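Chain order of the listed sequences is A and B.
Start counting the first sequence at 1399; every next residue gets the next number (our numbering).
Start counting the second sequence at 36; every next residue gets the next number (our numbering).
Glycine included, each C-beta is placed from N, C-alpha and C at the ideal position.
Source: prediction; values computed, not measured.
Working notes for the structure below.
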Amino acid sequence: MSVQTLIDNFVKENEADLTALPDYSGKDFSSDQDVRWCPGCGDYTILKQVQNAMPELGIAKKDIVFISGIGCSSRFPYYMDTFGMHSIHGRAPAIATGLKTSRPDLTVWIITGDGDSLSIGANHFAQLLRRNVNVNLLLFNNEIYGLTKGQYSPASPKGMVTKSTPYGSIDNPFNPLALSLGADGSFVARAMDRDPKHLKEMILRSHKHQGTSMLEIYQNCIVFNDGAFELFTDKKTRPQEAIYLEHGEPLVFGKEKDRGVRLDGLKPEVVTLGDDFSKDDLWVHDEQDSTKAHLLSKFFEHPANGEGVQFPRPFGVLYAIDRPCYDEGVVAQVQHAKETQGEANLDALIQGNETWVVK
Amino acid sequence: MSTKDQVHEDVTIRFAGDSGDGMQLTGSLFTNTTALLGNDLRTLPEFPAEIRAPQGTVPGVSSFQLQFGSRKILTPGDECDALVVMNSAALKANLSLLKKGGTIIANTAGFDKKNLNLAKYPEGVNPLEDGSLDDYELIEIDVNKMVKEAIGDMGLGYKDEDRTKNMFVLGLLYWMYSRPLDSTIDFLNLKFGKKKPEIADANIRVLKAGYYYGETAEIFSSRSQITVEQADLEPGTYRNITGNEALVLGLVAAARKANMPMFLGTYPITPASDVLHGLAQHKKFGITTFQAEDEIAACSSAIGASFGGSIGVTSSSGPGIALKGEAIGLAVMLELPLVVLNIQRAGPSTGMPTKTEQADLMQAVYGRNGESPLLIVAPSSPADCFEMAFEAVRISLEHMTPVIFLSDGYIANGSEPWKFPKESELANINVEFEKPRHAEEDEPFMPYRRDDRLVRKWAIPGTEGIEHRVGGLEKEDVTGNVSYDPDNHQKMTNIRRDKRDLVANNIPEQNIDQGNETGDVLILGWGGTYGSIKTVVHQLRREGMDISHAHLRYINPFPKNLEKLLKGFNQVIVPEINDGQLVRLIRSEFLIPAMPINKVKGRPFGVSELKQEILDLVGEETATKS
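Printed below as a string of structure tokens:
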């Protein structure tokens, strides 16, 4: 007899009838709490797009959990009408790991920021990606500490003047996507608050991926770091500065779609399409190619061709592969033990191998 | 055969050798054989924190002491009757623990020039030869040579041969104390029989060689074998068990009786790692173990599992508990069950990882930011870890509150005979999750609505209609919404305190372990000091003193009747392996002049030293009064 616990029974009894899910709208995922971010904060769009994406997951509300750490973005779960936990600074990945491993039936989302995940919680962030726990992580990156009122973060660029760096930051920032790939993340993507349509698409892709989905979202902090991502979010500069990745498509960007990225061996270069280069010469995006994903992640403050030309910043899915999820492995081991090791006989366990009788 | 058997009521022996000499295994095997014979016993394993400290040196010495007897045995013994030393460093480190007139069994191969130098004996000095051991009975044996003679023909390598040395002294001690070899032979066959039958065979041959050496050697011919009769234990079926083993079994049993999955999130640390090793084997009981990246993640993952409806457990020792502090505070705020196991060791900081101490009590009571009340239980002996682990799970689940379980290195690694319970004798732990709700028919769910014990409902994800958010920000009463309201914070702080205090209705009242319910002197102990205190109080009562002993196993909240009980005595004395922690709680809580007896040497109280300290304190008191 295998051990059937309260949770096994609970999950069975409460299994959602997916064919009869209510016809959710985004509003159904909005809690009764007043949203308390600063007016104009990028978090509002992200909240809206997450709420809009939820009905499309095909998951019952009761089976969705949002877990956050500490920071402005981490207030997020209070505004979602799902299960949620606003936890402690940096530890949401660890809490989510415990939850998902013990309750694989749940759909678990981690909400975190650049301070939460790249500084105090960087260890847990990296370990989550390494283990590939089947959860989705939305990293709201605004390159600043907002809730503590404006100190530089581990994502702030060098030289940035903030309250804690009046003479400019001398800290070399993390490159979140390179860090994620370095930690062997199985899904690494980037979106921005000012492109809600693409953002929602990325949220849905994150959900579909089996394993840890790491979606970095550029998010504008209107009070302490306004315009940090303007180059990419402003419609005027975006075509030159941002490149949207599509699996199987060449890397083309520019207002007139006249520029592209080609590979000279393992060296990427920006080229102008025309007489010298055609689309056929360009690098074709392959989400499953980890070498190329690493190269793309390095399109991050590196001048192209040594001429002061920036590579365009990539948005979309840099990398997505299937590899075993930690939580599935844990569940399989427990299941295997239950099925193959015979009856879980507590009396035999307590008794041990050697006993004696006192009369 | 020996001339004439001597019968002893109790015997204390100590095996000491290099870390690589297998003294811990030797001690455990002797313990098992002795337990199976029906003696009562207590053990004290002592080993260095280093895995292989420099060979032959004093810091590299590993020892195992046990006291066994035909009477009730509650401590591993103060001084030993017999000391086995495998090398000169072992003698140097342990001689002070041997009784005058006691027996030294010395492996002379460990007293060559090299070993004497490593042990830092002065040039030219060999304690076996210079008469410094004249006060003891010295038995010198070249164990290395004996082993060579016993199994030299088997063609094993030097290393494999050398590793059987401990079996020779074990065999010899079995002869000296009239113990059978079968349990050890069974063990060796089980351990090596299948994969390396020649190793099993070699060990068994050496074990027997040791035994027969005792029987036939001339130095023993005039010596009698010692017999220790069966102890007069309560009738029943027994096994031998260490504290950490009992703790693991208690957790598994509690999960079974609650019919719940258990999730251990942990990070390796001495002396708590055996809890992970133990639980990791019991997956078929629905137990998941997660070796996290650090102590914080370990505790956080257990909170995540608890939020999802599992029994969340995290284990560590003092340094790790310090790191978990913020997460434990979160569990207090979330009002979720969480079992935190602290196998205490000597601190502060890294301290002495393999040495025992009880100095994390204040950390358990107060060691978090804010007013953060939780529950504390403390086992009093190795076997008691079973019951208290079960209790920790029970009260955590029933009261939706974190519990800290305070064991210590002495209890965790020490062992004793245990009259174990049957599953059917254990009470069920009843857990009910909040039920699904439907918007049209039911009231909206209020996550922080409470019952009359101030306990909120366990509302787990996957339940329709009760979607809700929890978090570390202060909660509004009833709704659980974020609240900065001054009156609400006061109210919630009071509620969390009162909720803790109300647990006193759900734990046993404090009993007097020995002595009268009121009287002159009360010794109040907690945790691993139980055996020493009990032994001393027993002696003092026989000598006519009006003295009683009470031992706290529930520390936060205190049992309801504790105040009344304490106030029934003229003098309350609190012995602890720390610098005075429970005594401060008792003084501040009950405004009584309780007196401390403290020691922090990484070892439990010796019976004679504790007795003397008590006599001194009682004497002072009497002197002041007259």
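Cβ closer than 9 Å: which chain A residues qualify as neighbours of residue i?
i: SER218 of chain B; result: GLU1752
i: VAL96 of chain B; result: Near VAL96 of chain B there are no residues of chain A at all, since even the closest Cβ is about 29 Å away, more than 9 Å.
Going along chain A in order, which residues have a C-beta closer than 7 Å to the C-beta of residue i?
i: ASP329 of chain B; result: ASN1521
i: THR251 of chain B; result: The premise fails here: THR251 of chain B is roughly 30 Å from chain A at the closest Cβ pair, so nothing lies under 7 Å.
i: ARG291 of chain B; result: LEU1744
Which residues in chain B sit within 9 Å of residue i, going by Cβ to Cβ distance?
i: HIS1484 of chain A; result: ARG504, VAL505, GLY506, GLY507, LEU508 and VAL517
i: LYS1460 of chain A; result: PRO471, PRO496, GLY497, THR498, GLU499, GLY500, ILE501 and GLU502
i: PHE1408 of chain A; result: GLY344, PHE468, ILE495, GLY497 and THR498
Taking buried to mean at least 16 other C-beta atoms within 10 Å of its own C-beta, is residue i buried or exposed?
i: VAL160 of chain B; result: exposed
i: ALA474 of chain B; result: exposed
i: LEU1535 of chain A; result: buried
i: SER459 of chain B; result: exposed
i: GLN545 of chain B; result: buried
i: GLY1566 of chain A; result: exposed
i: TYR401 of chain B; result: exposed
i: GLY1704 of chain A; result: Caution applies to GLY1704 of chain A, whose pLDDT of 46 falls short of 50 and renders its modelled position unreliable; the model cannot decide the point.
i: THR1417 of chain A; result: exposed
i: ALA340 of chain B; result: buried
i: MET423 of chain B; result: buried
i: PRO1710 of chain A; result: buried
i: GLN1402 of chain A; result: exposed
i: VAL572 of chain B; result: buried
List the residues of chain A that residue i touches, going by C-beta distances under 8 Å, in chain order.
i: MET295 of chain B; result: THR1403, LEU1404 and ILE1405
i: GLU458 of chain B; result: LEU1744, ASP1745 and ILE1748
i: VAL287 of chain B; result: LEU1744 and LEU1747
Does any C-beta atom of chain B lie closer than 8 Å to the C-beta of residue i?
i: PHE1481 of chain A; result: yes
i: GLN1449 of chain A; result: no
i: TYR1476 of chain A; result: yes
i: VAL1533 of chain A; result: no
i: LYS1736 of chain A; result: yes
i: LYS1757 of chain A; result: yes
i: GLY1704 of chain A; result: The predicted position of GLY1704 of chain A is uncertain, since its pLDDT is 46 and thus under 50; a value taken from the coordinates is nonetheless stated next. Chain B, which has no Cβ nearer than 8 Å to the Cβ of GLY1704 of chain A, makes this no.
i: SER1500 of chain A; result: yes
i: VAL1463 of chain A; result: yes
Establish whether the CB of residue i and some CB of chain A are separated by less than 8 Å.
i: SER335 of chain B; result: yes
i: PRO215 of chain B; result: no
i: LEU284 of chain B; result: yes
i: GLU175 of chain B; result: no
i: LYS646 of chain B; result: no
i: PHE425 of chain B; result: no
i: VAL178 of chain B; result: no
i: LYS318 of chain B; result: yes
i: THR323 of chain B; result: yes
i: ALA332 of chain B; result: yes
i: PHE480 of chain B; result: no
i: PHE298 of chain B; result: yes
i: PHE227 of chain B; result: no
Chain B partners of residue i, CB-CB under 8 Å?
i: ASN1412 of chain A; result: PRO471, GLY497, THR498 and GLU499
Which chain B residues sit within Cβ distance under 7 Å of residue i?
i: LEU1497 of chain A; result: GLY339, ALA340, PHE342 and GLY343
i: ILE1493 of chain A; result: SER335, SER336, ILE338 and GLY339
i: ARG1711 of chain A; result: By Cβ distance, chain B contributes nothing, its closest Cβ being about 30 Å from ARG1711 of chain A, past 7 Å.
Less than 7 Å separating the Cβ of residue i from some heavy atom of the ligand FAD?
i: ILE590 of chain B; result: The ligand content of the structure shown is nil, which means the ligand FAD is not present either.
Give me the subset of the stretch 341–353 of chain B whose CB atoms are less than 9 Å from a CB atom of chain A, sorted by chain position.
Residues of the stretch 341–353 of chain B with a C-beta less than 9 Å from any C-beta of chain A: SER341, PHE342, GLY343, GLY344, SER345 and GLY347, listed in chain order.
Taking only runs that begin and end inside the stretch 375–415 of chain B, name each unbroken alpha helix (DSSP H) of 4 or more residues, in chain order.
396–401, all fully within the stretch 375–415 of chain B.
Output needed in chain order: residues of the stretch 260–279 of chain B with a Cβ under 9 Å from some Cβ in chain A.
Residues passing the 9 Å Cβ filter: GLN265, ALA266, ASP267, LEU268, GLU269, PRO270, GLY271, THR272, TYR273, ARG274, ASN275 and ILE276.
To be precise: take each residue of the stretch 361–392 of chain B, compare its Cβ to all Cβ atoms of chain A, and keep it if any distance is under 7 Å. Which residues remain?
Those residues of the stretch 361–392 of chain B that come within reach of chain A (Cβ to Cβ, closer than 7 Å) are GLU361, ALA362 and LEU365.
Contact residues within the stretch 1610–1627 of chain A, judged by C-beta distance below 7 Å to chain B
The stretch 1610–1627 of chain A vs chain B, Cβ under 7 Å: nothing.
Contact set between the stretch 98–114 of chain B and chain A, restricted to residues whose Cβ is under 8 Å from the partner:
Shown here is that no member of the stretch 98–114 of chain B has a Cβ falling below 8 Å from a Cβ of chain A.
Mind listing which residues of the stretch 63–78 of chain B have their C-beta closer than 9 Å to chain A's C-betas, in chain order?
The residues in question are ASN67, ALA70, LEU71, LEU72 and GLY73.
Unbroken beta strand (DSSP E) runs of length 3 or more, entirely within the stretch 578–622 of chain B: which are they?
Within the stretch 578–622 of chain B, the complete beta strand (DSSP E) runs of at least 3 residues are 582–587, 589–591 and 604–611.
What residues in the stretch 1667–1682 of chain A bring their beta carbon closer than 9 Å to a beta carbon of chain B?
Residues passing the 9 Å Cβ filter: none.
Residue ranges of each beta strand (DSSP E) within the stretch 289–351 of chain B, 3 or longer:
Segments of the beta strand (DSSP E) lying fully in the stretch 289–351 of chain B: 297–301, 322–326 and 346–351.
Please give the ranges of any alpha helix (DSSP H) in the stretch 1722–1751 of chain A, keeping only runs that are unbroken, at least 4 residues long and fully inside the region.
For the stretch 1722–1751 of chain A, whole alpha helix (DSSP H) runs of length 4 or above, ordered along the chain, are 1724–1738 and 1744–1749.
Enumerated in chain order, which unbroken segments of the beta strand (DSSP E) with a length of 3 residues or greater are wholly contained in the stretch 406–473 of chain B?
Scanning the stretch 406–473 of chain B for uninterrupted beta strand (DSSP E) segments of 3 residues or longer gives 410–412, 437–443 and 450–454, listed from N- to C-terminal end.
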